[in-house]
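For reference, the structure is listed below as structure tokens.
Protein chains: 2
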Amino acid sequence: DAQRIRGIAVDTDVAKISVLGIPDRPGIAHGLFQPLADDSINIDVIVQNISHDGITDISFTVSRDDLTKTLELVEGASQSLGASDVLHFANLAKVSIVGTGIQSTPGVAARMFGALAEPSINIESITTSEIRITCLVHEDDAQRAAQALHQAFELDQPEE
Amino acid sequence: DAQRIRGIAVDTDVAKISVLGIPDRPGIAHGLFQPLADDSINIDVIVQNISHDGITDISFTVSRDDLTKTLELVEGASQSLGASDVLHFANLAKVSIVGTGIQSTPGVAARMFGALAEPSINIESITTSEIRITCLVHEDDAQRAAQALHQAFELDQPEE
Ligand SMILES: C[C@@H](O)[C@H](N)C(=O)O
Ligand SMILES: C[C@@H](O)[C@H](N)C(=O)O
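Chains as they are written, first to last, in my numbering: chain A, -19 to 140; chain Z, -19 to 140.
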């Protein structure tokens, strides 16, 4: 792919739920997300990283309107799955670079992270696909992050 | 978007590096990935979840050919960034569902995780975008995972 970043997307309608200390064995992710599917809750970003001593955390985002309902469902599921805690955050925003060839071009991720590092914006979480790198940042940093990314990728108008 | 899963992608040329116990403050992700960009290393999946007591882990994948070179660069960067450890895994595979409307349709993620749970395939990590959900699984599970996902999403031919 020719590498081209088409735009920067910012979404502040983000509520993050982190289910902590969940056992890392088959069926656990399904047990957590099936009750949300049964209740027609739209899940946006999902992040799970490496486990330690057989337990890991799963974080995911929903729209802020869905936070209360989602927490009720997750509290129940988390207990039966043996999670140690459930945290939620309604002060985050999603900033993404969107384009082609992101994964096949060295330096794209570093350029994004560098653009956020320069104005001291902290990256709360990272997920990627071949067309998109998404970071969660504090909502107060969202606009500064968007400006920094527009500059770093030499884009004109803010996309959203 | 109308929700339609177009295909299942499987990639076994995956080496995962996990940098553990890295400080959660601005500039750290940049410090980790810039040396890799300077050496033209292609980064595929990047995952960072919530931090605990100010530290978190960052995992990412490269092609297996790049593992040795990447580890040399990461070891140096990790020490100067204050990470506690660097682990690597060359026995994983990436399985993804690819389509449209993934984030706007409840139940897609749960269906994927359910398809992997049924044959007891463990999910090592999860990242998402609006067109793709990617899980890392043990490479020995890759084909079974692909078959289970084709069935769960009623797709005919394996895509890759
Ligand atoms: C933690 C969770 O992802 C678990 N490994 C599973 O397969 O469901
Ligand atoms: C951990 C790392 O992502 C850090 N929060 C940063 O902003 O660089």
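Glycine included, every Cβ here is placed at the ideal spot set by N, Cα and C.
Quiz prompt | Contacts around A128 (chain Z), its chain only, beta-carbon distance under 6 angstroms, and the 5 residues preceding and following it disregarded | solution = A95, P99
Practice problem: For the beta strand (DSSP E) containing A126 (chain A), list its first residue and its last residue. | Solution: Premise fails: A126 (chain A) lies in the alpha helix (DSSP H), 122 to 132, not in any beta strand (DSSP E).
Quiz item: Are the C-beta atoms of F133 (chain A) and some chain Z residue less than 8 angstroms apart?
Solution: no
Quiz item: If we ignore side chains and look at the alpha-carbon of each, how far apart do G11 (chain A) and N29 (chain A) end up?
Solution: 18 angstroms
Quiz item: Quick one: does N71 (chain A) have its CB under 8 angstroms from some CB of chain B?
Solution: Absent from the structure: chain B. Protein chains present are A and Z.
Practice problem: Return the Cβ separation of N71 (chain A) and E119 (chain A) in integer angstroms, given the expectation that the two are a contact with Cβ distance under 8 angstroms. | Solution: 5 angstroms
Exercise. Could you spell out where the beta strand (DSSP E) holding H10 (chain A) opens and where it closes?
Key: Premise fails: H10 (chain A) lies in the alpha helix (DSSP H), 8 to 18, not in any beta strand (DSSP E).
Exercise. Just tell me which of A:A(-11), A:R124, A:V(-1), A:A132 has its CA closest to the CA of L61 (chain A).
Key: A:V(-1)
Self-check item: Classification of E140 (chain Z) by the beta-carbon crowding that lies within 10 angstroms, buried from 16 upward
Solution: Low local confidence applies: a pLDDT of 49 at E140 (chain Z) is under 50, so the model's placement there is unreliable, and no value is given.
Quiz item: In chain order, what residues of the same chain lie with their CB nearer than 7 angstroms to the CB of D(-9) (chain A), ignoring the 5 residues before and after it?
Solution: A73, K74
Exercise. Report the neighbours of V25 (chain Z) on chain A: residues whose CB is nearer than 9 angstroms to its CB, in chain order.
Key: Q83, T107, T108, S109
Practice problem: Starting from the beta carbon of P3 (chain A), find every residue of chain Z whose beta carbon is closer than 7 angstroms, and list them in chain order. | Solution: The contacting residues do not exist; P3 (chain A) stays about 10 angstroms from chain Z at best.
Practice problem: Closer than 7 angstroms by C-beta to A57 (chain A): which residues in its own chain qualify, once you throw out the five before and the five after it? Chain order, please. | Solution: G11, L12, P15
Quiz item: Counting Cβ pairs closer than 8 angstroms, one from the segment 107 to 123 of chain Z and one from the segment 103 to 113 of chain A, do we hit at least three?
Solution: yes
Quiz item: From Z:D19, Z:K49, Z:D24, Z:I8, pick the residue whose C-alpha is nearest to that of S31 (chain Z); which is it?
Solution: Z:I8
Quiz prompt | Cutoff 8 angstroms: H10 (chain A) Cβ touching any chain Z Cβ | solution = yes
Exercise. Please report the residue range of the alpha helix (DSSP H) in which I135 (chain A) lies.
Key: It should be pointed out that residue 135 (chain A) corresponds to Leu in this sequence rather than to Ile. Counting along the chain, L135 (chain A) falls outside any alpha helix (DSSP H), and DSSP gives it neither H nor E.
Self-check item: ligand 2 heavy atom lying under 7 angstroms from the CB of H32 (chain A)
Solution: no
Quiz item: Between M92 (chain Z) and the rest of its own chain, which residues show a CB-CB distance below 6 angstroms, the 5 nearest in sequence each way excluded?
Solution: I77, I113
Quiz prompt | Minimum Cβ-Cβ distance from E139 (chain A) to chain Z less than 8 angstroms | solution = Low confidence applies here, because E139 (chain A) scores a pLDDT of 49, under 50, leaving its location unreliable; read the following figure in that light. No, E139 (chain A) does not count as interfacial toward chain Z.
Exercise. On a CA-only basis, which of A:Q131, A:V25, A:A97 is nearest K(-4) (chain A)? Give me that one, please.
Key: A:V25
Quiz item: Buried or exposed: S105 (chain Z), going by 16 or more other Cβ atoms within 10 Å of its Cβ?
Solution: buried
Exercise. Mind checking which residues open and close the alpha helix (DSSP H) that includes D48 (chain Z)?
Key: According to the sequence shown, residue 48 (chain Z) is Thr rather than Asp. From DSSP, the alpha helix (DSSP H) with T48 (chain Z) extends over 47 to 61.
Quiz item: Using a beta-carbon distance below 8 angstroms, is R(-16) (chain A) in contact with chain Z?
Solution: no
Quiz item: What first and last residue would you give for the beta strand (DSSP E) that runs through V88 (chain Z)?
Solution: Unbroken run through V88 (chain Z) is the alpha helix (DSSP H), 88 to 97; no beta strand (DSSP E).
Exercise. Under 8 angstroms between beta-carbons, which chain A residues line up against S100 (chain Z)? List them in chain order, please.
Key: P6, G7
Quiz item: Between R91 (chain Z) and ligand 1, is the CB less than 7 angstroms from at least one heavy atom?
Solution: no
Practice problem: Assign R(-14) (chain Z) to one of three DSSP states: helix, strand, or coil. | Solution: strand
Exercise. Verify the CB distance criterion: does E128 (chain Z) have a CB-CB separation below 8 angstroms to chain A?
Key: As written in the sequence, residue 128 (chain Z) is Ala, which differs from the Glu given in the question. With 8 angstroms as the cut-off, A128 (chain Z) does not count as an interface residue toward chain A.
Quiz prompt | Interface residues of chain A facing G62 (chain Z) [CB-CB closer than 8 angstroms] | solution = By Cβ distance, chain A contributes nothing, its closest Cβ being about 15 angstroms from G62 (chain Z), past 8 angstroms.
Practice problem: Enumerate in chain order the residues of its own chain whose CB-to-CB distance from Q131 (chain A) is below 8 angstroms, with the five nearest sequence positions on each side excluded. | Solution: A95
Quiz item: Below 8 angstroms between beta carbons: does that hold for D121 (chain A) and R44 (chain A)?
Solution: no
Quiz item: Rounded to the nearest angstrom, how far is the Cβ of P86 (chain Z) from that of S64 (chain A), given a contact under 8 angstroms?
Solution: Not quite, the Cβ-Cβ distance comes to about 27 angstroms (not below 8 angstroms), so this is no contact.
Practice problem: Measure the alpha-carbon distance for A89 (chain A) versus G(-13) (chain A) and round it to whole angstroms. | Solution: 14 angstroms
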